[in-house]
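Residue numbers (this note's numbering): -16 to 265.
Even glycine gets a Cβ: it sits at the ideal position worked out from N, Cα and C.
As structure tokens, the structure follows; a few thoughts come after it.
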């Protein structure tokens, strides 16, 4: 048990679960370098997420009444607008995730601004929302990124890995800090369940992990974080865990999560708003 002060969550809850999915579709490196247009099988692998897996996943989330945040590249919103509109209509949060899943560390400041501006326009056109959240597609960013995000109307990020509690990022020129809700690779389904051949990702992977062991790992991570009164978020992907056999895996995970009555199940946006209210006294 950690000796650090316990985070404060809304009464009567002891801990927090901020379920989150990255609806990447076929965006990413292969799209950015153009190779995806020569690999129809890889495009199909990505397109399966918004086209086929998402509706199945939304039904499961309804069954467990789990509020969820979907981080969605704007290109996916443009190309599957009806499916993305369903996320909002079912009461979940949609947040920014680049335009085509760019590495923000590889972009200069103006390029980052351009991506965010285009994303804001797409979200407003197709979803009629101004998103408040952002998850960097590459798990890193440049020193100037937080200020750029705040300027674009973002109030929280879920991009870094340095803690298992939310924390505040001071932003030069802004009185209100950016809330960071850090994720963990242990709760990324790619680490256990993804396998693609072209590109070979994860590099060197030749098999997927046992579903039984994967479920056990995720349940242990959940139990440990909840026992310590922490905030756990996930980096799940519909195209990975939204398939028929893996939906059963998620169903068992959600059943395990819902056994506790001391956990606040919330969107990342709600977590960020609460954390800012409780911990920022500027």
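So, at 6 angstroms on beta carbons, what are the nonlocal neighbours of residue i in its own chain, with the 5 sequence-adjacent residues on each side left out?
i	result
residue 146	165
residue 54	5, 78, 80, 118
residue 142	118, 119
residue 157	133
What is the DSSP secondary structure of residue i, counted as helix, strand or coil?
i	result
residue 207	helix
residue 76	strand
residue 134	helix
residue 94	helix
residue 246	strand
Would you call residue i buried or exposed, if buried means 16 or more other Cβ atoms sit within 10 Å of its Cβ?
i	result
residue 29	buried
residue 93	exposed
residue 199	exposed
residue 2	buried
residue 186	exposed
Give every residue of the same chain whose Cβ lies closer than 7 angstroms to the Cβ of residue i, excluding the five residues on either side of it in the sequence, and list them in chain order.
i	result
residue 125	87, 88
residue 11	84
residue 254	-1, 1, 149, 164, 214
Taking 7 angstroms as the cut-off, is the beta-carbon of residue i closer than that to any non-hydrogen atom of the ligand GDP?
i	result
residue 2	Absence of the ligand GDP from the depicted structure is noted, as is the absence of any ligand whatsoever, leaving it without description.
Checking the sheet assignment: what are the DSSP bridge partners for residue i?
i	result
residue 140	117, 163
residue 251	Paired residues: none, contrary to the question.
Under 8 angstroms Cβ to Cβ from residue i, same chain only, skipping five residues before and after it: list those, please.
i	result
residue 73	41, 44, 45
residue 263	151, 159, 160
residue 116	52, 54, 76, 78, 79, 137, 138, 139, 140, 141, 251, 252, 255
Inter-stretch contact at 8 angstroms, needing at least 3 Cβ pairs: the stretch 104 to 112 / the stretch 219 to 238
no
Do the stretch 213 to 221 and the stretch 29 to 47 touch if we need at least three Cβ pairs shorter than 8 angstroms?
yes
Are the stretch -7 to 13 and the stretch 239 to 246 in contact at 8 angstroms, needing three or more beta carbon pairs?
yes
Is the stretch 39 to 57 touching the stretch 232 to 241 in the sense that three or more CB pairs, one from each, lie closer than 8 angstroms?
yes
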